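Remarks on the structure that follows.
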Amino acid sequence: MTLYLAVIIILSYLALIKCIFFRHRRTLVKALKRALNAPSSRETNGENIRALVVTAHPDDECMFFAPTIIRLIELNATVHLLCLSEGNYYNQGAQRKKELLNSCAVLGIPASRIIIVNHKKLPDDPKAEWSVSLVSSEILKHIRAHSINMVLTFDGSGVSGHANHIAIYNAVRYRKDFKDFYCTLLSLVTVGLLRKYISFLDVPLSWFLPSCVCCIIGSKPYKQAKAAMLCHRTQLLWFRYLYITFSRYMFINTFQTIAQGPKNLKIY
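Residue 46 is where the sequence shown starts when you use our numbering, and the numbers rise one by one after that.
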């Protein structure tokens, strides 16, 4: 009887995941338009979305944001990527830059929409304190240049706790004039360790827990995300393969709106 109940629960859970995948596209478009305060008409695509994904290092785009990038491009949104370092921590910056371009090609972002910053004050280093004002200025420059109306980046925990990730979040919170460009600011939600590594089984939790935008991909787009990650040859240590297989960020992204502030943020 216990085994029978366990089988029923598992099958019901998998059926729920399948149902969520089936409903996801239409719900995602509504969520994106709601985030942008856009009219609900023409709900079949997201062609009015001009998104800027802001990352700290080459490989962030596929390790953390692949579901979002893939879904936005499927919806005909214009997606730009701003990577704030070349990832030169181990003196592999030139190679990692090429890997980033290859990864973005797999995800569907053309080279003309990719900016990789190489600034001595923005080193790839978890111990380095990135300048909040410098990072925010770099982001704002690209918002202006490309008429961006949606910025997507890390939250205050940076998914992995990396200081460079968190610095981007702080920079976006700092600049109140982002709102002057009618730009929606979204942060990728950091989840606990258990949820982080239960792969697609986190879909129902991510679907039903409160979020501003939820992006989910199935098996075919997952293969695309995996192929993008495999472009980063310099980063493919044994534990990366475990990450590719078990991380929910390869399947699911959930976002919250970034509130402006705080007033006591250290600016330098």
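Just so you know, even glycine gets a beta-carbon here, dropped at the ideal spot from N, CA and C. Values in this document were obtained by computation on a predicted structure and should not be read as measured data.
- Between L167 and L129, the CB-CB gap stays under 7 Å.
- The continuous beta strand (DSSP E) containing T198 extends over residues M195 to F199.
- 7 Å or more divides the Cβ of D105 from the Cβ of H277.
- Between the C-alpha atoms of G91 and L120 there is a straight-line separation of about 5 Å.
- Counting C-beta pairs closer than 8 Å gives three or more between the segment 211-230 and the segment 180-194, which meets the contact rule.
- According to the DSSP secondary-structure assignment, A96 is paired through a beta bridge with V124 and M195.
- Residue state for L167 is assigned as coil, using DSSP reduced to three classes.
- By the criterion of a C-beta distance shorter than 7 Å, K142 is surrounded in its chain by P103, E131 and I161, once the five residues flanking it on both sides are discounted.
- Residue pairing from DSSP places T229 in a beta bridge opposite M195.
- Counting C-beta pairs with one atom in each stretch, the segment 183-193 and the segment 168-175 have fewer than three that are closer than 8 Å, which means they do not touch.
- In the DSSP assignment, V151 falls within the unbroken alpha helix (DSSP H) covering G138 to L152.
- Between the alpha carbons of M108 and K165 lies a distance of about 25 Å.
- With contacts defined by Cβ atoms closer than 7 Å, N298 and T113 form a contacting pair.
- DSSP places C107 within a helical segment (H, G or I) once states are collapsed to three.
- When DSSP states are grouped into helix, strand and coil, I213 belongs to the helix group.
- In summary, S148 is buried, with 16 or more beta-carbon neighbours lying within 10 Å of its beta-carbon over all protein chains present.
- Secondary structure at V258: strand, using DSSP grouped into helix, strand and coil.
- Relative to the Cα of F199, the nearest Cα in the group T279, A216 and K268 belongs to A216.
- Taking one beta carbon from each stretch, the segment 237-244 and the segment 272-286 have fewer than 3 pairs nearer than 8 Å; the two do not touch.
- For I289, the enclosing alpha helix (DSSP H) covers residues W283 to F291.
- A residue is called buried when at least 16 other Cβ atoms come within 10 angstroms of its Cβ; T47 does not meet this threshold and is exposed.
- Remark: C-beta atoms of A273 and V196 do not approach each other more closely than 7 Å.
- Taking C-beta atoms under 8 Å as the contact rule, I262 and R116 qualify, at a distance of about 7 Å.
- The C-beta distance from Q301 to C257 rounds to 5 Å, short enough to meet the 8 Å contact threshold.
- For F300, the enclosing beta strand (DSSP E) begins and ends at I297 to T302.
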